[in-house]
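A.B. asks:
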Amino acid sequence: MEETLAFEGLSRITSHLVMTGDLGVSGNLFGGKVMAWMDEAAAIYAMWATGSEKVVTRRFSEILFDKPVRNGELLEFYCGRPKTGRTSITFDIVASVRGMVKCQAECTFVAVNPDGSKKEVDWAKSPLA
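If you read the sequence shown in the working numbering, its first letter stands for residue -11, the second for the next number, and so on.
(1) Decide if Pro102 is buried, meaning its Cβ has at least 16 other Cβ atoms within 10 Å, or exposed.
(2) Hey, quick one: how far does the alpha helix (DSSP H) through Ala29 stretch, first residue to last?
(3) Candidates Ile32, Asn59 and Met26: which alpha carbon is nearest Asp10's?
(4) Which term fits Leu17, buried or exposed, when burial requires 16 or more other beta carbons within 10 angstroms of its beta carbon?
(5) Hey, is Lys113 close to the ligand GDP, as in C-beta under 8 angstroms from one of its heavy atoms?
Structure representation (structure tokens):
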């Protein structure tokens, strides 16, 4: 039941196959690799939701590593439950294997112009509207 609730309001964004080169000294998926993959999946979601070609990571909350990820597992990334701001979007991200939550966080991304300045998002034109 808990696992089902963890996915309410989320959409699958991407996935990665865990390979030997992704493992840390413990033999499980290296935490830094998970964080990089989470950042990538979150950026994809933020670009889609804001309609902006450029977004930057503003914040990741406490990242909870709930369970280890093993070699050969397919790690799937889900994003959703957005809260929108004038130039930003905050949302949940969950990483799972076969429906079991392995890692989760909340993150914020900001839409930016080519020069790096903040860009106001037209939420009326967003797929979230």
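Glycine included, each C-beta is placed from N, C-alpha and C at the ideal position.
C.D. replies: Working from what's here:
(1) The count along the sequence shown starts at 1 and reaches residue 102 at position 114. With fewer than 16 Cβ atoms within 10 Å of its Cβ, Pro102 is classed as exposed.
(2) Reading the sequence shown from its first residue, position 41 is the one you call residue 29. Where Ala29 is concerned, the enclosing alpha helix (DSSP H) stretches over Gly19 to Thr38.
(3) Position 22 of the sequence shown, counted from the first residue, corresponds to residue 10. Answer by Cα proximity: Asn59.
(4) The sequence position of residue 17 within the sequence shown is 29, counting from 1. Buried, by the Cβ-count rule.
(5) For the ligand GDP, the structure offers nothing, since it holds no ligand at all.
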